[in-house]
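Undergrad:
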Amino acid sequence: MGKRKLNGSPVARMREISTWISSVLDLDELLELIIDTATRMMEAKASSLLMLDHSTKKLYFKVATGEKKDEVIKYEIDLGQGIAGYVAEKGEPLLIPDVSKDPRWYKQISETIGFETHSIACVPMAVEGDIIGVMEIIDKEDGSSITEEDMKILTVFSDLASTAISNARKINQVKQENKDLKEELGKRYQIIGESISLQHVISDAYKVANSKTSTLILGDSGTGKELLARLIHRAGPRKYKPLIVLNCAAFPETLLESELFGYEKGSFTGAVTRKLGKIELADGGTLFLDEIGEMSPAMQAKMLRVMQEGAFYRVGGRVPISVDIRIISATNREISLEVTEGRFREDLYYRLNVVQIRMPSLRERKDDIPLLANHFLSIFKQEKGTPELKISDTAMEKMLEYDWPGNVRELSNAVERAVVMGNDEEIRPEDLPISALPSQNANMNVGMTLKQAVDRFKKEYIERNLQSTQGNRSKAAKILEVQRTYLSRLITKYGL
Ligand SMILES: Nc1ncnc2c1ncn2[C@@H]1O[C@H](COP(=O)(O)OP(=O)(O)OP(=O)(O)O)[C@@H](O)[C@H]1O
Ligand SMILES: [Mg+2]
């Protein structure tokens, strides 16, 4: 930004200052404007604004006016030294009509630069009670002394400068926080992986991002379907509009309906106010329908109507509301099978499935394991505050051997647990809540009776579930939907 020409009447410039002060386009320029205006109003010979550096306890010149301004600006003053140092230390204004009679005067600067000084007025600048610097003026242009009236004007200007500095600091702080937050979020939503299969997925995601094409994301649990949906949203023109996520499995049918479509006040008992549904909230942006395979036939029919007509009714509403949404859906079910077997509407499937992206499971892209493990390590060790923590080679081998039925989510959880439970230097194999069982079904050779094979499977499957619950039998029993006592019997039977 170029230097601003300082002209116009003091009043006009005061007005300019006050409009600037909240926006703080350029703090240095604003401070210059403030001090220059103050100097002119008081017809002072020179003036300066000094900032206090709390760490070094020194005052340095931020802005100066007067014929020697370029020289004076090179100086630094200790807190407590000279008149400016005194004012900064005590936090009280000071008016000295004759500096030669005041022992606090630090005359070196004036003498070295050859600037004759008789009187000085100096006032502190403070933000929320903390001294941040001082503002001072030296002599009047006509040789007369600085008056109490001048002190009042100086105080007004030093308050203006304090406000400007405080605003600028707040703005910078918010900017910095924003930046930190963005970096943090960026890291959380980054898709890690260099395997060919994942690269194909990402390149497909970028291709569809720019269109409104409905996209269906398939893949096992924990493979990153939601992460990919977020990428598609962020990479396209709708990124400044909302991405609304709705997990279709999380609600019973009637609730899902009001979640999706919203309702009018009084449409049912308990509807005391109007509530907007996710479809409406996603207007202009993206609606991510997670676990779409769990949607009931009645809801499927309603959703189909929205997709065909681009409009819907709130529950209890009579006016159709049209929306512009992009729909991404995801499921870990074999949805084409659901269609053939009549559990999922074919017409809706075709609407959702214009482009299909299948997330590879982690066991299909084992070469990404080290990258992913280190990515999660860097996140969790930062949270724990152990920057030196590494993954030992043996632990990495164990991770590479394991077949990760819970995919990336399981890997992330495993690393998190190892970081929390292990020591601060390295993650050892025993810190990982996994055991390198042979890949699922790998040793299911022919030649066993069906009962033997089933027993073998049961044993491994129970073992695996116990690992994922860290040995908690109640939790495992819940997942397996069996009685805890029955599970205990099986554990004994299989010698687990
Ligand atoms: N490629 C990846 N890079 C980094 N993190 C990933 C990756 N894939 C998945 N994750 C992380 O793994 C976890 C699970 O991912 P996400 O929720 O997207 O999976 P999902 O396929 O939607 O699973 P589910 O079917 O169980 O809902 C998240 O914490 C996500 O950030
Ligand atoms: Mg998900």
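Numbered according to our numbering, the sequence shown spans residues 97 to 592.
Ideal Cβ positions, reconstructed from N, Cα and C, are used throughout, including at glycine.
Quantities reported herein were computed from a predicted structural model and do not represent experimental measurements.
Report buried or exposed for Thr-490, applying the criterion of at least 16 other Cβ atoms within 10 angstroms of its Cβ.
TA: Here residue 490 corresponds to residue number 394 of the sequence shown, with the count starting at 1. It is exposed - the Cβ of Thr-490 has fewer than 16 other Cβ atoms within 10 Å.
Undergrad: Given a cut-off of 8 Å, decide if Gly-381 and Lys-337 are closer than it, judged by their beta-carbon atoms.
TA: As a first step, residue 337 must be located in the sequence shown, where it is residue number 241. As a first step, residue 381 must be located in the sequence shown, where it is residue number 285. Yes. Within cutoff.
Undergrad: Kindly give me the distance between the Cβ atoms of Tyr-409 and Phe-357, rounded to whole angstroms, as I take these residues to be in contact under 8 Å.
TA: As a first step, residue 409 must be located in the sequence shown, where it is residue number 313. As a first step, residue 357 must be located in the sequence shown, where it is residue number 261. Between Phe-357 and Tyr-409 the Cβ distance is about 7 Å, and since that is below 8 Å, they are a contact.
Undergrad: Unbroken beta strand (DSSP E) runs of length 3 or more, entirely within the stretch 200-281: which are they?
TA: Qualifying beta strand (DSSP E) stretches, in chain order: 216-223, 226-236.
Undergrad: Could you give the DSSP three-state label for Asp-149: helix, strand or coil?
TA: As a position in the sequence shown, residue 149 is number 53, starting the count at 1. Reduced to three states, the DSSP call for Asp-149 is strand.
Undergrad: Could you tell me which residues DSSP pairs with Arg-454 in its beta bridges?
TA: Mapped onto the sequence shown, residue 454 falls at position 358. Paired residue(s): Leu-314.
Undergrad: What did DSSP end up calling Leu-385 once you bin it into helix, strand or coil?
TA: To locate residue 385, count along the sequence shown from 1; it is residue 289. If DSSP states are grouped into helix, strand and coil, Leu-385 belongs with the strands.
Undergrad: Give me, in chain order, the residues of the same chain whose beta-carbon lies closer than 7 Å to that of Arg-136; leave out the 5 immediate sequence neighbours on both sides.
TA: If you number the sequence shown from 1, residue 136 lands on position 40. Cβ within range, chain order: Pro-106.
Undergrad: At which residues does the alpha helix (DSSP H) containing Leu-126 begin and terminate?
TA: The residue labelled residue 126 in the question sits at position 30 within the sequence shown. That run of the alpha helix (DSSP H) goes 123-138.
Undergrad: Report the three-state DSSP secondary structure of Ser-535 (helix, strand or coil).
TA: For the purposes of this step, residue 535 is identified with residue 439 of the sequence shown, where counting begins at 1. Since pLDDT at Ser-535 reaches only 48, below the 50 mark, its modelled position is unreliable, and no value is offered.
Undergrad: Using only the alpha-carbon positions, how far apart do Ile-205 and Ile-169 sit?
TA: Start at 1 with the first residue of the sequence shown, and residue 205 comes out as number 109. Start at 1 with the first residue of the sequence shown, and residue 169 comes out as number 73. Cα to Cα, the separation comes out at about 10 Å.
Undergrad: Report the CB separation of Cys-218 from Pro-199 in whole angstroms; it is logged as a contact under 8 Å.
TA: The sequence position of residue 218 within the sequence shown is 122, counting from 1. The sequence position of residue 199 within the sequence shown is 103, counting from 1. With a Cβ gap of about 15 Å, Cys-218 and Pro-199 do not count as contacting.
Undergrad: Count the other C-beta atoms from every protein chain shown that fall within 10 angstroms of the C-beta of Ala-108, then say buried if there are 16 or more, exposed otherwise.
TA: The sequence position of residue 108 within the sequence shown is 12, counting from 1. Exposed, since its Cβ has fewer than 16 Cβ neighbours within 10 Å.
Undergrad: Any heavy atom of ligand 2 inside 7 Å of the beta-carbon of Glu-559?
TA: As a working mapping, residue 559 is identified with position 463 in the sequence shown. No - ligand 2 has no heavy atom lying nearer than 7 Å to the Cβ of Glu-559.
Undergrad: For Asp-358, which beta-bridge partners are listed by DSSP?
TA: Against the sequence shown, residue 358 aligns to sequence position 262. The amino acid occupying residue 358 in the given sequence is Gly; Asp does not appear at that position. Per DSSP, Leu-372.
Undergrad: Does Ala-510 have its Cβ less than 8 Å from a Cβ in chain D?
TA: Absence of chain D from the displayed structure is noted, only one protein chain being present.
Undergrad: Using only alpha-carbon positions, find the residue among Gly-406, Asp-194, Asn-268, Tyr-445 that is nearest to Ile-313.
TA: Your numbering for residue 313 matches position 217 in the sequence shown. Nearest C-alpha to Ile-313: Tyr-445.
Undergrad: Mind the definition here: the stretch 124-139 touches the stretch 254-271 only if three or more C-beta pairs lie below 8 Å; say whether that holds.
TA: Touching, yes.
Undergrad: Let's see if you can read the secondary structure: which residues bound the alpha helix (DSSP H) around Lys-321?
TA: As a working note, residue 321 is residue 225 in the sequence shown. Element bounds for Lys-321: 321-331.
Undergrad: So what does DSSP say about Leu-528, is it helix, strand or coil?
TA: Position 432 of the sequence shown, counting from 1, holds the residue named residue 528. Leu-528 falls in the coil class under three-state DSSP.
Undergrad: Rank Ala-426, Glu-232, Ile-340, Lys-480 by C-alpha distance to the C-alpha of Gly-178 and give the top, closest one.
TA: Along the sequence shown, read from residue 1 onward, the residue named residue 178 stands at position 82. Cα-wise, what sits closest to Gly-178 is Glu-232.
Undergrad: Measuring straight from C-alpha to C-alpha, what distance separates Asp-149 and Tyr-156?
TA: The count along the sequence shown starts at 1 and reaches residue 149 at position 53. The count along the sequence shown starts at 1 and reaches residue 156 at position 60. The straight-line gap from Cα to Cα measures roughly 8 Å.
Undergrad: The beta strand (DSSP E) with Arg-422 in it runs from where to where?
TA: Residue 422 sits at position 326 when you count from the first residue of the sequence shown. Arg-422 -> beta strand (DSSP E) spans 422-427.
Undergrad: How is Val-411 classed by DSSP in three states: helix, strand or coil?
TA: Residue 411 sits at position 315 when you count from the first residue of the sequence shown. Strand at Val-411.
Undergrad: Using the beta-carbon of each residue, find all residues closer than 6 Å to any heavy atom of ligand 2 and list them in chain order.
TA: Checking every Cβ against the heavy atoms of ligand 2 under 6 Å gives Lys-321, Glu-322, Asp-386.
Undergrad: How should Asp-276 be labelled, buried or exposed, when 16 other C-beta atoms within 10 angstroms of its C-beta is the threshold for buried?
TA: As a position in the sequence shown, residue 276 is number 180, starting the count at 1. Exposed, since its Cβ has fewer than 16 Cβ neighbours within 10 Å.
Undergrad: How far does the beta strand (DSSP E) with Asp-343 in it extend, from its first residue to its last?
TA: Along the sequence shown, read from residue 1 onward, the residue named residue 343 stands at position 247. Just to set this straight, residue 343 is Asn in the shown sequence, not Asp. That run of the beta strand (DSSP E) goes 339-343.
Undergrad: Relative to the C-alpha of Asp-194, which candidate in Thr-208, Ile-209, Gly-210, Ile-216 has its C-alpha closest?
TA: Residue 194 sits at position 98 when you count from the first residue of the sequence shown. Of Thr-208, Ile-209, Gly-210, Ile-216, the residue nearest in Cα terms is Ile-216.
Undergrad: Near Glu-390, which residues of its chain fall below 6 Å by C-beta distance, leaving aside the five closest residues on each side in sequence?
TA: Working through the sequence shown from its first residue, we reach residue 390 at position 294. Within the same chain, Glu-390 has close Cβ partners Cys-344, Ala-345.
Undergrad: Looking at the structure shown, is Asp-174 part of a helix, part of a strand, or coil, going by DSSP?
TA: Working through the sequence shown from its first residue, we reach residue 174 at position 78. The answer is strand: DSSP assigns Asp-174 an E or B state.
Undergrad: By DSSP, does Val-419 sit in helix, in strand, or in coil?
TA: Translated into the one-based positions of the sequence shown, residue 419 becomes position 323. Coil at Val-419, not helix or strand.
Undergrad: Which class does Thr-565 belong to by DSSP, given the choice of helix, strand or coil?
TA: Counted from its first residue, the sequence shown places residue 565 at position 469. It is coil, neither helix nor strand.
Undergrad: For Ser-584 and Gly-518, I'd like the C-alpha separation in whole angstroms.
TA: As a working note, residue 584 is residue 488 in the sequence shown. As a working note, residue 518 is residue 422 in the sequence shown. Distance between the alpha carbons of Ser-584 and Gly-518: 29 Å.
Undergrad: Does the stretch 450-461 come within contact of the stretch 397-415, defined as at least 3 CB pairs closer than 8 Å?
TA: Not touching, per the Cβ criterion.
Undergrad: Spell out a yes or no on whether the stretch 313-325 and the stretch 469-486 are touching, meaning 3 or more CB-CB pairs, one atom from each, closer than 8 Å.
TA: Not touching, per the Cβ criterion.
Undergrad: Grab me the residues of Lys-555's own chain with a C-beta within less than 6 Å of its C-beta, minus the 5 sequence neighbours each way, in chain order.
TA: For the purposes of this step, residue 555 is taken as the residue at position 459 of the sequence shown. Closer than 6 Å at the Cβ level, and outside the excluded window around Lys-555, lie Tyr-590.
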